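Student: So the sequence lines, in the order shown, correspond to chains A and B.
Throughout the first sequence, residue numbering follows numbering that gives the first Met the number 0, covering 0 to 220 in sequence.
Throughout the second sequence, residue numbering follows numbering that gives the first Met the number 0, covering 0 to 220 in sequence.
Backbone N, C-alpha and C define an ideal beta-carbon position, used for all residues, glycine too.
Just so it is clear, the structure is predicted and the values come from calculations on it, not from any experiment.
Dumping the structure here so I can ask a few things about it.
There are 2 protein chains.
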Amino acid sequence: MKAERIPEATVTRLSVYSRHLQQLEDNGIARVSSQEIAEMVDGSSAQVRKDLAYFGEFGTRGVGYDVRLLNRNLMKILGLEKGRTAIIVGAGRLGKALTLYNGFEQRGFNIMGIFDKDMSKVGGQVGKLTVSPMYKLDEFVKSNNVQIGVITVPGFAAQETVDMLTRAGIKAVLNFAPVSVMVPPDIRCRNVDLAVNMEVLSFYMGLEESKETKKSGAKKN
Amino acid sequence: MKAERIPEATVTRLSVYSRHLQQLEDNGIARVSSQEIAEMVDGSSAQVRKDLAYFGEFGTRGVGYDVRLLNRNLMKILGLEKGRTAIIVGAGRLGKALTLYNGFEQRGFNIMGIFDKDMSKVGGQVGKLTVSPMYKLDEFVKSNNVQIGVITVPGFAAQETVDMLTRAGIKAVLNFAPVSVMVPPDIRCRNVDLAVNMEVLSFYMGLEESKETKKSGAKKN
C-alpha cells in the first residue's frame, strides 16, 4: 500500500463507508455488496471497489463483503481501533456543542478537556468537563498525550491557538475558526467551514432554478 | 457550461476559493495568481485553473485574476448573490450553535427560524429567534419561501423531519443527524458528519505513527 498516495477524498469516503457498515452491523446484517455500499453513499460500485483496493482484498466475487470484518478493517485503517484523544479550545456555543456531540465518542474520539481564555467561562461545566484556563493547556496536552486539538475560537485568535497547541505537542488540528491557519509540516490540519456545505447546496439549487426559468420561458413562447 | 457534469468536489473548492478571495478583498489585495490561490488552499494551480475553466475565462495570462471580480463571479455561480433562506429544525445544542453561527450570515444565508417538537424548548430564545413548534413549520416554510432545511434532530427523528420539510416545499436539506435520510430526486441533500473530519485526521496521524515505528524499529536493529 502506497499510503502517501491515497487521495484525501478516498479517506473521507472510507470514513463514510465505515459509518454505514456500522449501521448495517447494528441492524444484524452480515453481508453487503459494493453495489449496496455505493447506493448507501450515492456513489458507484466501481468507486467503492477502487477505494477499498488501495488497502487490499476485502471481498469475494459474487459473495460480497463480510460487514463486520470490513468495518473492523476500515476502523483499523482509519486509526480508530485504539481510540484517539482530543481537546476543544474555545468554550463558546460551537465549542460546547462539539464537546457534547455524541458522534465523536461513538467513533472512538475521547474529548478530554475544554479550554478558554475568557476567565468568565473558566470553571463552567460542559457535560462531564470543566472549562480550563489556557495557561493549563500545555501541561494538559503533554501529560494526557492529547493528539487532536479542535479549535472553535474567533478568527483573530485562531493562529495563536494553533501555535500553542503545536508547541504543546499536538499531532493534528481541526479548525472551525473561519480563517485559514498555518501549521508546521508534520502537523495535520483540516479547516471545517460549515458554510461550505450550504454553498454546495446553493449551487445545485441554482441549477434547478435556471432549469425552471428555462421551462417557464419556453411555455411563454 | 455543462453544469450537470461539474464534480461536487469542484463546487466545494469554488466555495473555499471564494472564502479566501473574500479575505484578500478585505485586506485590500487587488490581484491574485492561480498559484497563490492554490497555496491558500493547499492545492495545485492546475486544479484551480481547471475548476474555474468549467465556468469560463476569468484570468489573464501573466496578470492573474482580479480578486473582487473573480469573487463576485464565484458568489454568483454558487447562487449566493441573492441570498438564501434557511431554517434549523432541532433546538438542541448543535441547532442553537448553528443558528448563532456567524459564518452562514456572512455568506448570505439568512437563518429565519428554529423549530423543535419538544414543547419545553418552544418559546425559548436563540439570538434574535424564538423556538417555534413543529406544527408551525409547514406554513412558515411556505409563507417565507424557505429554501434550505438544516436538520439537527436525533437520528430516529431525521427521516420524518426531512419528509415534513420536503412536503412543505423546501429545496435542499443539510442533515447533521447521524443517519442517512432519503429525499425525493428533485431535493438536494448533504449529510454532514462532524466525525468524518476527525477520522481523516486520524488516518494521516496513523501514517505518521507507522513511519515513527519503522524508524525506531530500524534503530533497534
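1. Enumerate in chain order the residues of its own chain whose CB-to-CB distance from Leu99 (chain A) is below 8 Å, with the five nearest sequence positions on each side excluded.
2. Compute the Euclidean distance between the alpha carbons of Pro184 (chain B) and Asp137 (chain B), then round it to the nearest angstrom.
3. Give the DSSP-derived three-state secondary structure of Ala131 (chain A) in the structure shown.
4. For Glu159 (chain A), which of A:Ala176, A:Arg48, A:Asp41 has the nearest alpha-carbon?
5. So, at 7 Å on beta carbons, what are the nonlocal neighbours of Glu80 (chain B) in its own chain, with the 5 sequence-adjacent residues on each side left out?
6. Just tell me which of B:Ser14, B:Pro6, B:Thr59 has its CA closest to the CA of Gly102 (chain B).
7. Got a sec, what are the start and stop residues for the alpha helix (DSSP H) Ile230 (chain A) sits in?
8. From Arg30 (chain A) to Glu38 (chain A), what distance separates their C-alpha atoms?
9. Return the chain-ordered list of same chain residues with a C-beta closer than 8 Å to the C-beta of Leu68 (chain A), the five sequence neighbours on each side being excluded.
10. Can you check DSSP and say which residues form a bridge with Gln124 (chain A)?
11. Given a cut-off of 8 Å, decide if Ala90 (chain B) and Lys49 (chain B) are closer than it, judged by their beta-carbon atoms.
12. For the alpha helix (DSSP H) holding Arg106 (chain B), just list the boundary residues, first then last.
13. Check the C-beta distance from Leu128 (chain B) over to Gly112 (chain B) and give it rounded, since I have them as a contact under 8 Å.
14. Taking buried to mean at least 16 other C-beta atoms within 10 Å of its own C-beta, is Asp25 (chain A) buried or exposed?
15. Roughly how many angstroms separate the alpha carbons of Asn220 (chain B) and Thr212 (chain B), rounded to a whole number?
16. Out of B:Val172, B:Gly27, B:Leu23, B:Gln46, which one is the CA nearest neighbour of Gln34 (chain B)?
17. Counting beta carbon pairs with one atom in the region 190-208 of chain B and one in the region 157-173 of chain A, are three or more of them shorter than 8 Å?
18. Could you name the residues of the same chain whose beta carbon sits closer than 6 Å to that of Asn143 (chain B), not counting the 5 residues immediately before and after it, in chain order?
19. Can you give the Cα-Cα distance for Lys214 (chain A) and Phe155 (chain A), rounded to whole angstroms?
20. Can you pull the DSSP bridge partners for Thr84 (chain B)?
21. Between the C-alpha atoms of Ile87 (chain A) and Ile36 (chain A), what's the straight-line distance to the nearest angstrom?
22. Excluding the five sequence neighbours on either side, which residues of its own chain have a C-beta within less than 7 Å of the C-beta of Ile5 (chain A), listed in chain order?
23. Nearest-angstrom Cα distance between Gly78 (chain A) and Leu93 (chain B)?
24. List the residues of chain B that Asn143 (chain A) touches, going by C-beta distances under 9 Å, in chain order.
25. Please check if any C-beta of chain A sits within less than 8 Å of the C-beta of Lys170 (chain B).
26. State buried or exposed for Gln105 (chain A), treating a residue as buried only when at least 16 other CB atoms are found within 10 Å of its CB.
27. Alpha helix (DSSP H) containing Asn190 (chain B): first to last residue?
28. Just list the residues that DSSP pairs Thr59 (chain B) with in beta bridges.
29. Which chain D residues sit within Cβ distance under 9 Å of Ala157 (chain B)?
30. Rank B:Asn70, B:Tyr16, B:Glu207, B:Leu97 by C-alpha distance to the C-alpha of Val149 (chain B) and give the top, closest one.
31. In the DSSP output, which residue or residues are listed as bridge partners for Asn174 (chain A)?
32. What does Phe54 (chain B) reach in chain A if we use C-beta pairs closer than 7 Å?
33. For the alpha helix (DSSP H) holding Ser44 (chain A), just list the boundary residues, first then last.
34. Using a threshold of 8 Å, state whether the C-beta atoms of Ala157 (chain A) and Val130 (chain A) are closer than that.
35. Determine the extent of the alpha helix (DSSP H) in which Phe94 (chain B) is found, giving its start and end residues.
36. As a quick exercise: from B:Arg60, B:Val152, B:Phe114, pick the residue whose alpha carbon is nearest that of Val191 (chain B).
Tutor: According to the data block:
1. Val125, Gly126
2. 20 Å
3. First, the amino acid is wrong: residue 131 (chain A) is Ser here, not Ala. Ser131 (chain A): strand per DSSP, three-state reduction.
4. A:Ala176
5. Met74
6. B:Ser14
7. Only positions 0 to 220 of chain A appear in the structure, and residue 230 (chain A) is not among them; the question remains open.
8. 15 Å
9. Phe57
10. A:Thr129
11. no
12. Unbroken run through Arg106 (chain B): none, as it is neither H nor E.
13. 6 Å
14. exposed
15. Below a pLDDT of 50, predicted positions are generally treated as unreliable, and Asn220 (chain B), at 42, falls in that range; the measurement from the model is reported next regardless. Taking the straight line joining both Cα atoms gives about 12 Å.
16. B:Gln46
17. yes
18. Met111
19. 47 Å
20. B:Asn109
21. 33 Å
22. Tyr53
23. 26 Å
24. Residues of chain B passing the Cβ test: none, with the nearest at roughly 16 Å.
25. yes
26. exposed
27. Element bounds for Asn190 (chain B): not the alpha helix (DSSP H) but the beta strand (DSSP E), 187-190.
28. B:Gly63
29. You won't find chain D in this structure, because its protein chains are A and B.
30. B:Leu97
31. A:Ile150, A:Asn190
32. Near Phe54 (chain B) there are no residues of chain A at all, since even the closest Cβ is about 11 Å away, more than 7 Å.
33. 44-52
34. no
35. Reading the sequence as shown, one finds Gly at residue 94 (chain B) and not Phe. It spans 92-98 - the alpha helix (DSSP H) in which Gly94 (chain B) sits, taken as one unbroken run.
36. B:Val152
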